[in-house]
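Each residue of the sequence shown is one higher than the one before, counting from 1 in full-length UniProt numbering. A virtual CB, placed ideally from N, CA and C, is assigned to each residue, including glycine. Working notes, beginning with the structure itself.
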Amino acid sequence: MDLCICKIECAPVLRPPSLPSHVYLTSRFESSDSLLDWNSESAVLNQPEVFRMADLEEFQNTVLNHPIIQDRSRTAGITEGSDAEKPENEHILSQPRSAQRQNEVGPLHAIIPQPHFHGVPQPTTYHVRQTISFPPYQKAYPTALAPYTPDTVQLLLGRRFTRLAWIIPVRGALPWPKCTAACLLRSGSAPHFSRSPLPIGPSPQLDDAEKVRPEITWTRESLLSCWDFLLELRRVKSMGPLALAFHAALPSDAGSVLGHGQQSMSSGHQSTAVATAPGTIPNLLFVDHIKVFHDSAYTMQLRNIIDVWGFQLDDTQKSPERANVVPHVHHPTEQPEQTAQTNAAEATVPLSHPTKIRMFVGAKLALIDERSRGVMIL
C-alpha cells in the first residue's frame with residue numbers, strides 16, 4: 001500500500017485589532033441604519049451617549065469681533081447700558097433727524113456784509129509800545145510748522161514789525177495737522193432743547209487722535225458777532241495796525257482749474273505753484289476763513305484776545321446747559337481790550353444762567369507769515 005503524504009502550507013489568519021470606543025461609536029453612527037429616532041421610547045442609549053441638559057455648561061462665545069456680536073453689543077448698550085456708558089450726544093441722536101443740527105453746505109459769499117477786506121485804518125498814527133499791558137496767550141505751547149523751527153519762530157516774533165496773520169476757521173479744515181476745524185449751522189436747524197441753533201466751541205475732551213477732531217460750530221449770528229468784534233478791535237487800534245479779510249471758499253469744481261489744489265505763492269514779480277497730490281488736505285482756497293493781519297509784536301496778545309472773546313446770548317437763547325459760557329455785561333464806553341480782560345477774569349465764575357458762549361476755548365489756530373506759509377499752531 002502506497003501512502004501519499006502531501007505538504008500542506010497553512011497561512012496564519014490575523015484578526016483586526018479592537019477599535020477604541022470613540023472610533024467604534026463614529027463608525028457605528030456612519031450607517032443610516034444605526035441612527036436612532038428622536039423621542040423614541042424604544043431607543044436604548046449606551047452610557048457614553050447619554051447627556052443631561054442640566055449638566056451641560058452654558059456656551060460662551062469668545063469670538064467677540066464677529067460682526068453679529070458687535071451689532072448685538074451696540075443694541076444692548078443703548079437699551080441696557082448705564083447712563084455713564086451712554087454717548088454724550090445721545091439726547092441729540094435719539095431725536096428725529098429734522099430736530100438735529102444741519103450744516104450749511106452752500107457758498108458763504110453773502111454770509112458777511114461787503115467789503116470782505118478791511119485794510120489798516122487811515123491815517124496810520126500808531127504809537128509803538130515798548131510794553132503791552134494785555135497778557136499774552138499762555139494756555140498751550142506753540143507747535144512750529146516746517147520750515148520754521150521753535151528758534152526761528154521766536155526770532156520772527158522778536159522782529160516786532162513783521163506782518164503776520166491769525167487764521168480763524170469758519171467752515172472746513174485748515175491744511176495743517178492738529179488745527180481746529182469749523183462748521184456753520186444752517187439757519188433754522190434748531191436742536192430740541194433750543195428755539196434757535198446755538199454755536200458751540202471745540203471740546204477739549206475730544207482732542208484725541210483716536211476720536212473725531214473737535215471743531216468750532218458757528219451760527220450766522222455768532223459769526224457776524226465775531227466779525228463785528230474784530231472790526232471794533234481794528235478801529236480802536238489797541239492791538240496795533242490790524243487788517244481783516246474774509247475768504248469764502250472756492251466751489252468744489254474749481255480744483256480742476258488749479259490742478260488738484262495748487263497753492264499759488266508770489267515772491268516779488270515771480271509766481272510759483274506748489275501742487276498737492278490728490279487726496280491730501282485741501283489748502284486755504286477751499287476753506288472759509290478769516291485772516292487777522294497784525295504786527296508780530298502783538299501776536300501772542302492778539303491770540304489771547306481771540307481766546308477770551310465770547311458770543312453774547314439774548315434772552316431767548318440763554319441755556320444753562322452750556323459749559324463753556326461766562327457772564328459779562330458790556331458797557332458802551334468799554335474798549336475791546338478791556339472787555340477781553342474782564343472776560344478773562346470772569347472765565348472761572350460758575351453761572352446757572354449763562355449769557356456768553358466761549359467759541360475758542362481749547363481751539364488750535366494757525367499763524368501764517370506774509371507769504372501765507374504756516375508758522376505755528378497755537
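Inset, instruction - Would you check if the segment 137-144 and the segment 366-378 touch, i.e. whether three or more CB-CB distances between them fall below 8 Å? - result: yes
Inset, instruction - Give the secondary structure of Gln102 by DSSP, where H, G and I count as helix, E and B as strand, and everything else as coil. - result: For the purposes of this step, residue 102 is taken as residue 102 along the sequence shown, with counting starting at 1. Here Gln102 sits in coil by DSSP.
Legend entry - Buried or exposed (CB count within 10 angstroms, at least 16 for buried), Thr152: Numbered from its first residue, the sequence shown carries residue 152 at position 152. Answer is exposed; the Cβ neighbour count stays below 16.
Legend entry - Reduced DSSP secondary structure (H/G/I, E/B, other) of Ile305: Walking along the sequence shown from the start, residue 305 turns up at place 305. Helix.
Legend entry - Same chain, Cβ closer than 8 Å to Ile112, neighbours up to 5 away in sequence not counted: Taking the first residue of the sequence shown as 1, we reach residue 112 at position 112. Excluding sequence neighbours, Ile112 sits near Leu223, Leu224, Trp227, Phe246.
Legend entry - Tyr298 at chain C interface by Cβ criterion, 8 Å: No chain C is part of this structure, which consists of one protein chain only.
Legend entry - Nearest to Val308 (by Cα), restricted to the options Leu184, Met359, Leu367: As a working mapping, residue 308 is identified with position 308 in the sequence shown. Checking every option, the nearest Cα to that of Val308 belongs to Met359.
Legend entry - Through-space distance from His294 to Met239, alpha-carbon basis: Within the sequence shown, residue 239 is the residue found at index 239, counting from 1. Within the sequence shown, residue 294 is the residue found at index 294, counting from 1. Going from the Cα of Met239 to the Cα of His294 covers about 8 Å.
Inset, instruction - Select from Arg163, Gln138, Pro214, Leu231 the residue whose C-alpha is nearest the C-alpha of Pro121. - result: What you label residue 121 is simply residue 121 of the sequence shown in a count that begins at 1. Checked all of Arg163, Gln138, Pro214, Leu231; the closest Cα to Pro121 is Leu231.
Legend entry - Beta-carbon proximity check, Ile200 vs Ile290, cutoff 8 Å: By one-based count along the sequence shown, residue 200 stands at place 200. By one-based count along the sequence shown, residue 290 stands at place 290. For Ile200 and Ile290, no; Cβs fall outside 8 Å.
Legend entry - Close-in-space but distant-in-sequence residues of the same chain around Arg160 (CB under 7 Å, 5 per side omitted): For the purposes of this step, residue 160 is taken as residue 160 along the sequence shown, with counting starting at 1. Only Asp295, Ser296, Ala297 meet the Cβ criterion.
Inset, instruction - To the nearest angstrom, report how far apart His118 and Ala165 are at their CA atoms. - result: Stepping through the sequence shown from its first residue, residue 118 is reached at position 118. Stepping through the sequence shown from its first residue, residue 165 is reached at position 165. Going from the Cα of His118 to the Cα of Ala165 covers about 13 Å.
Legend entry - Cα-Cα separation, Arg186 to Glu104: Residue mapping note: residue 186 aligns to position 186 of the sequence shown, counting from 1. Residue mapping note: residue 104 aligns to position 104 of the sequence shown, counting from 1. Cα to Cα, the separation comes out at about 5 Å.
Legend entry - Exposure label - residue 404; buried when at least 16 CB within 10 Å: Because residue 404 is not part of the residues shown, which for the chain are 1 to 378, the question remains open.
Legend entry - Length of the line joining the Cα atoms of Glu85 and Phe59: To locate residue 85, count along the sequence shown from 1; it is residue 85. To locate residue 59, count along the sequence shown from 1; it is residue 59. Annotation note: pLDDT 46 at Glu85 (below 50); position unreliable, coordinate value reported separately. Rounded to the nearest angstrom, the two C-alpha atoms are 26 Å apart.
Inset, instruction - Would you mind working out which of Phe229, Val292, Leu198 sits nearest Ile216, comparing C-alpha positions? - result: Here residue 216 is taken as the residue at index 216 of the sequence shown, counted from 1. The residue with the shortest Cα to Cα distance from Ile216 is Leu198.
Inset, instruction - Would you give the residue range spanned by the alpha helix (DSSP H) that Pro150 belongs to? - result: Residue 150 sits at position 150 when you count from the first residue of the sequence shown. Counted as a single uninterrupted DSSP element, the alpha helix (DSSP H) harbouring Pro150 occupies residues 150-157.
Legend entry - Supposed contact pair Gly172 and Val287 - C-beta distance, whole angstroms, cut 8 Å: The count along the sequence shown starts at 1 and reaches residue 287 at position 287. The count along the sequence shown starts at 1 and reaches residue 172 at position 172. Confirmed, about 4 Å.
Inset, instruction - Evaluate Lys178 with the Cβ neighbour count: other Cβ atoms within 10 Å of its Cβ, from every protein chain shown; 16 or more gives buried, anything less gives exposed. - result: Your numbering for residue 178 matches position 178 in the sequence shown. Its Cβ having fewer than 16 others within 10 Å, Lys178 is exposed.
Inset, instruction - Tell me whether Ala366 is buried or exposed, calling it buried when 16 or more other Cβ atoms sit within 10 Å of its Cβ. - result: Indexing the sequence shown from 1 puts residue 366 at position 366. Burial call: buried.
Legend entry - Cut-off 8 Å between Cβ atoms - residues of its own chain near Leu284, not counting five sequence neighbours on either side: On the sequence shown, residue 284 is found 284 positions in, with the first residue counted as 1. If we look at Leu284 and ignore the five residues flanking it on each side, its Cβ neighbours are Ile167, Leu174, Pro175, His247, Gln263, Ser372.
Inset, instruction - Tell whether a beta-carbon distance below 8 Å holds between Thr355 and Leu302. - result: To locate residue 355, count along the sequence shown from 1; it is residue 355. To locate residue 302, count along the sequence shown from 1; it is residue 302. Their beta carbons are not under 8 Å apart, which means Thr355 does not touch Leu302 by this criterion.
Inset, instruction - With DSSP collapsed to three states, give me the class of Arg373. - result: Your numbering for residue 373 matches position 373 in the sequence shown. Looking at Arg373 - three-state DSSP - the assignment turns out to be coil, as it is neither helix nor strand.
Inset, instruction - Just tell me which of Pro147, Leu157, Thr149 has its CA closest to the CA of Pro136. - result: Looking up residue 136 in the sequence shown gives position 136. Checking every option, the nearest Cα to that of Pro136 belongs to Leu157.
Legend entry - 8 Å Cβ cutoff met for Arg163 and Glu370: Counting from one through the sequence shown, the residue named residue 163 turns up at place 163. Counting from one through the sequence shown, the residue named residue 370 turns up at place 370. Yes, Cβ-Cβ distance for Arg163 and Glu370 is below 8 Å.
Legend entry - Limits of the unbroken beta strand (DSSP E) element including Leu244: Residue mapping note: residue 244 aligns to position 244 of the sequence shown, counting from 1. Leu244 -> beta strand (DSSP E) spans 243-247.
Legend entry - Per-residue burial, Ala363 [other beta carbons within 10 Å of its own, 16 or more giving buried]: Against the sequence shown, residue 363 aligns to sequence position 363. Buried.
Inset, instruction - Consult DSSP for Val236 and reduce its assignment to one of helix, strand or coil. - result: Counting from 1 along the sequence shown, the entry for residue 236 is found at position 236. Val236: helix per DSSP, three-state reduction.
Inset, instruction - Could you give the DSSP three-state label for Glu57: helix, strand or coil? - result: If you number the sequence shown from 1, residue 57 lands on position 57. Coil at Glu57, not helix or strand.
Inset, instruction - Sort Ala54, Thr299, Gly310 by Cα distance to Ile368 and report the nearest one. - result: Here residue 368 corresponds to residue number 368 of the sequence shown, with the count starting at 1. It is Thr299 whose Cα lies nearest to the Cα of Ile368.
Legend entry - Whole-angstrom C-beta distance between Leu108 and residue 382, which should lie under 8 Å: The shown model of the chain, from 1 to 378, leaves out residue 382, and the question about it has no answer.
Inset, instruction - Assign Ala182 to one of two classes, buried (16 or more other C-beta atoms within 10 Å of its C-beta) or exposed (fewer than that). - result: To locate residue 182, count along the sequence shown from 1; it is residue 182. Counting Cβ neighbours within 10 Å, Ala182 comes out buried, since at least 16 surround it.
Inset, instruction - Give the DSSP-derived three-state secondary structure of Arg220 in the structure shown. - result: As a first step, residue 220 is located in the sequence shown; it is residue number 220 there, counting from the start. Helix at Arg220.
Legend entry - Among Trp218, Pro251, Leu250, Lys237, nearest to Phe311 - alpha-carbon criterion: Position 311 of the sequence shown, counting from 1, holds the residue named residue 311. Nearest option by C-alpha distance: Trp218.
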